[in-house]
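Student: I'd like to ask you about the structure that follows.
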Amino acid sequence: AGGFDVERVRADFPILQQQINGHPLVYLDNAATTQKPRAVIDAISDYYCYDNSNVHRGAHTLSDRATAKFEAARQKVADFVNAETPAQVIWTRGTTEAINLVAASWGGANLKAGDRVLVSAMEHHSNIVPWQLVAEKTGAQVDVIPVDESGTLDLKAFALMLDHRVRLVSVNHVSNALGTINPVAEMIALAHDAGALVLVDGAQAIGHWAVDVQALGCDFYTFSGHKLFGPTGIGVLYGRRELLDAMPPYQGGGEMIETVSFTGTTYNQLPYKFEAGTPDIAGVIGLGAAIDYINALDRRAAAAHEDALLAYARDRALQVPGLRLIGTATNKVAVLSFVLEGVHPSDLGMLMDQQGIAVRTGHHCAQPLMDQYQVPGTVRASFTIYNTFEDVDRLFAALDKARGMLL
Ligand code: PMP
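Structure follows, in structure tokens:
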């Protein structure tokens with residue numbers, strides 16, 4: 018597809034070159050976390066070997082170097098998502114912390130009894146529970162945008178839900194459990210017309226195509242570095258400047274202050290106002306290296322490769338007796354979620370692992386969605402740039418064998 022050289026990409030990922038339980042590893046759990054290219058591992062290792070120091074503090078060379086690399090990564094992220102300024106890129110531990118930050122800070126300051134926050138029925142728990150927590154404190158309510166049997170968000174129902182009480186809509190760009198791509202641009206336009214803000218949880222989108230926060234027009238955008246070939250422990254909150262400026266701090270501590278006294282404290286400017294404490298400096302630098310790595314790829318060809326893998330895997334899945342696909346939307350990323358009649362997903366996962374195939378089984382932190390489909394969980398195979406057609410063949414060969422043992 019598009020001349021995409023998957024073998025060259027695979028060679029960049031040391032972890033893929035190993036055997037698991039006597040079989041070459043087939044890693045199909047990319048929606049949970051992606052593997053890291055050598056360039057990212059080296060950037061982290063180099064930082065600790067040569068530059069390690071605290072940022073924004075020292076009057077010495079190492080601290081200057083660490084700070085320069087740290088802030089260069091912020092600029093890379095700003096360019097990567099087309100943020101207006103790097104000051105609008107806030108480092109967090111991941112998507113989860115980014116959403117909690119907005120819920121606690123913006124929600125705590127702006128929500129009141131009777132206000133509504135809308136989330137969809139296909140949200141990750143990290144885009145449900147923070148809103149429930151702030152709703153409990155403020156008396157606001159969390160309402161659910163319905164999702165149909167195919168795993169498609171009901172845009173008409175959404176439009177009808179938008180009344181003057183809706184203050185914020187928080188929805189994922191792509192569902193981690195199903196792979197559905199949500200029509201967030203249309204949703205943002207509708208929400209803004211109704212006077213509501215929109216947070217887009219981009220955890221599952223950011224690794225698949227070039228996101229442009231200004232073109233989308235979203236108010237907040239969140240993602241995790243580890244779904245983007247970067248390290249765990251680092252993520253991003255992008256926000257519109259006037260919103261971030263008006264929001265109170267999330268956590269208090271060093272770095273986020275301007276002056277501190279016992280009669281009153283003033284806060285630092287953006288982005289530091291939201292970055293209390295020593296940050297994950299190595300994580301930030303690793304994420305910067307991941308973005309450099311992605312920018313050097315032909316992203317269109319990579320996306321076409323993923324689409325081709327999904328189409329092939331879906332065809333294969335349809336030939337397996339008793340296999341039910343969960344989520345059949347046509348507009349989706351390369352995620353195949355399914356159940357096998359008469360077999361518990363976790364039993365299947367164990368037998369697949371014995372054959373070297375890494376898939377995710379369970380509720381995928383989306384229990385309300387599993388309840389809607391009346392399944393305890395699914396088996397999820399999620400594909401990325403380093404997966405091959407042979408990986409798909411291995412997946413279905415392993416599935417066949419497991420079926421034979423279980424049924
Ligand atoms: N939202 C979605 C759609 C996700 O897929 C994930 C990760 N599975 C999260 C939020 C949470 O991300 P993290 O655990 O990196 O904070």
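Every position in the sequence shown, counted from 1, becomes a number in full-length UniProt numbering once 17 is added. Idealized CB from N, CA, C, for every residue including glycine.
(1) Quick check on the burial criterion: 16 or more other C-beta atoms within 10 angstroms. Buried or exposed for Lys129?
(2) Which partner residues does Val183 have in the DSSP bridge list?
(3) Decide yes or no for the touch test of the stretch 33 to 44 against the stretch 261 to 272: beta carbon pairs closer than 8 Å, at least 3 of them.
(4) Val108 by DSSP, collapsed to three states: which one?
(5) Touch check for the stretch 300 to 309 and the stretch 89 to 100: three-plus C-beta pairs under 8 Å?
(6) Are the CB atoms of Pro296 and Val72 within a distance shorter than 8 Å?
(7) Going by beta-carbon coordinates alone, are Ala100 and Tyr310 separated by less than 8 Å?
(8) On the CB-based measure, 16 or more other CB atoms within 10 Å of its CB, does Glu114 come out buried or exposed?
(9) Using three-state DSSP, classify His190 as helix, strand or coil.
(10) Can you determine whether any heavy atom of ligand 1 sits closer than 7 Å to the C-beta of Asp46, and answer yes or no?
(11) Between Val301, Leu287, Val228, Val26, which lies nearest to Val98 when the distance is taken from Cα to Cα?
(12) Got a sec, what are the start and stop residues for the alpha helix (DSSP H) Gln389 sits in?
(13) Under a three-way DSSP split, which group does residue 469 fall into?
(14) For Gln52 and Asn404, I'd like the C-alpha separation in whole angstroms.
(15) Any idea if Pro54 is buried or exposed, counting beta-carbon neighbours within 10 angstroms, 16 or more meaning buried?
(16) Could you please give me the residues that DSSP links to Tyr329 through a beta bridge?
(17) At 4 residues or longer, what runs of the alpha helix (DSSP H) sit wholly inside the stretch 235 to 307?
(18) Return the residue from the list Ala202, Ala415, Lys418, Ala346 that minimises the CA-CA distance to Ala194.
(19) Can you tell me which of Arg184, Thr102, His190, Gly196 puts its alpha carbon nearest to the alpha carbon of Ser167?
(20) What's the gap between the Cα of Phe413 and the Cα of Ala320?
(21) Any idea what DSSP makes of Tyr403, helix, strand or coil?
(22) Near Asp408, what residues of its chain come up, given a Cβ to Cβ distance below 6 Å and the 5 sequence neighbours on each side ignored?
(23) For ligand 1, is there any heavy atom lying closer than 7 Å to the beta carbon of Gln149?
(24) Starting from Val201, trace the alpha helix (DSSP H) both ways and give me its first and last residue.
Tutor: Reading from the atomic positions:
(1) Translated into positions along the sequence shown, residue 129 becomes position 112. Lys129 should be labelled exposed.
(2) Sequence index remark: in the sequence shown, residue 183 carries index 166 (1-based). Answer is Arg133, bridged to Val183.
(3) When Cβ pairs closer than 8 Å are counted between the two stretches, the stretch 33 to 44 is seen not to touch the stretch 261 to 272, the count staying below three.
(4) The sequence position of residue 108 within the sequence shown is 91, counting from 1. Position check: residue 108 holds Trp in this sequence, whereas Val was assumed. Secondary structure at Trp108: strand, using DSSP grouped into helix, strand and coil.
(5) Enough Cβ pairs lie closer than 8 Å, so yes.
(6) In the sequence shown, counting from the first residue as 1, residue 72 sits at position 55. In the sequence shown, counting from the first residue as 1, residue 296 sits at position 279. Annotated as proximal: Val72 and Pro296, with beta-carbon spacing under 8 Å.
(7) As a position in the sequence shown, residue 100 is number 83, starting the count at 1. As a position in the sequence shown, residue 310 is number 293, starting the count at 1. Using a Cβ distance threshold of 8 Å, Ala100 and Tyr310 do not count as a contacting pair.
(8) As a working note, residue 114 is residue 97 in the sequence shown. With 16 or more other Cβ atoms within 10 Å, it is buried.
(9) Counted from its first residue, the sequence shown places residue 190 at position 173. In the structure shown, His190 sits in coil (DSSP, three-state: anything other than H, G, I, E or B).
(10) Against the sequence shown, residue 46 aligns to sequence position 29. No, the beta carbon of Asp46 sits no closer than 7 Å to any heavy atom of ligand 1.
(11) Residue mapping note: residue 98 aligns to position 81 of the sequence shown, counting from 1. Per the Cα distances, Val228.
(12) The residue given as residue 389 occupies position 372 in the sequence shown. Taken as a continuous stretch (DSSP letters only), the alpha helix (DSSP H) holding Gln389 covers 384 to 390.
(13) Outside the displayed span of the chain (18 to 424) sits residue 469, for which this structure offers no information.
(14) Working through the sequence shown from its first residue, we reach residue 52 at position 35. Working through the sequence shown from its first residue, we reach residue 404 at position 387. One C-alpha to the other measures close to 11 Å.
(15) Taking the sequence shown and counting its residues from 1, the one referred to as residue 54 is at position 37. That one is buried.
(16) By one-based count along the sequence shown, residue 329 stands at place 312. For Tyr329, which the question treats as bridged, DSSP gives no partner whatsoever.
(17) As summarised for the stretch 235 to 307, the continuous alpha helix (DSSP H) elements at least 4 residues long and confined to that stretch are 258 to 263, given in chain order.
(18) Residue numbering aside, residue 194 sits at position 177 when the sequence shown is read from its first letter. Closest option to Ala194, judged by alpha-carbon separation, among Ala202, Ala415, Lys418, Ala346: Ala346.
(19) In the sequence shown, residue 167 corresponds to position 150, counting from 1. Nearest option by C-alpha distance: Gly196.
(20) Reading the sequence shown from its first residue, position 396 is the one you call residue 413. Reading the sequence shown from its first residue, position 303 is the one you call residue 320. Taking the straight line joining both Cα atoms gives about 22 Å.
(21) Position 386 of the sequence shown holds residue 403. Coil.
(22) Within the sequence shown, numbered from 1, the residue matching residue 408 stands at position 391. Excluding residues within five positions, the ones whose Cβ falls inside 6 Å are Val43.
(23) Position 132 of the sequence shown, counted from the first residue, corresponds to residue 149. Result no, Cβ not under 7 Å from ligand 1.
(24) What you label residue 201 is simply residue 184 of the sequence shown in a count that begins at 1. First-last of the alpha helix (DSSP H) with Val201: 201 to 210.
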